[in-house]
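This report refers to the structure that appears directly beneath it.
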Amino acid sequence: MVAFSSASMANTIADEEVVTEEKKEVVVVRKTDCCLIYDLAYDLAISEVAPAESAESTANIAYNNCEKTAV
Numbered sequence: 005m006v007a008f009s010s011a012s013m014a015n016t017i018a019d020e021e022v023v024t025e026e027k028k029e030v031v032v033v034r035k036t037d038c039c040l041i042y043d044l045a046y047d048l049a050i051s052e053v054a055p056a057e058s059a060e061s062t063a064n065i066a067y068n069n070c071e072k073t074a075v
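Below is the structure:
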């Protein structure tokens, strides 16, 4: 005959594992404002006494390069 006492059974506690999952959201934000780059390039060229056509060409190049590399 095998007997179990309630006192010996009381010390048996099952470990319970709680797993929580965090949902991570990835948001891609364009960090570079290419229009601002255009304006800055144009203003810099004009401040360096470049003709308007040359300043515009320089600004367009800066804008296009920004568009290619911007995130």
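Those letters in the sequence shown? Residues 5 to 75, by our numbering.
Even glycine gets a Cβ: it sits at the ideal position worked out from N, Cα and C.
{"Query": "Find out if the Cβ-Cβ distance for the pair residue 66, residue 50 is shorter than 8 Å.", "Result": "no"}
{"Query": "Just checking my contact of residue 63 with residue 38 at CB under 8 Å: how many whole Å lie between their CB atoms?", "Result": "The Cβ separation is near 11 Å, so there is no contact."}
{"Query": "Compare the beta carbon distance of residue 70 and residue 24 with 8 Å and say whether it is the shorter of the two.", "Result": "no"}
{"Query": "Is residue 35 helix, strand or coil by DSSP?", "Result": "coil"}
{"Query": "Using the beta-carbon count (16 or more within 10 Å), is residue 56 buried or exposed?", "Result": "exposed"}
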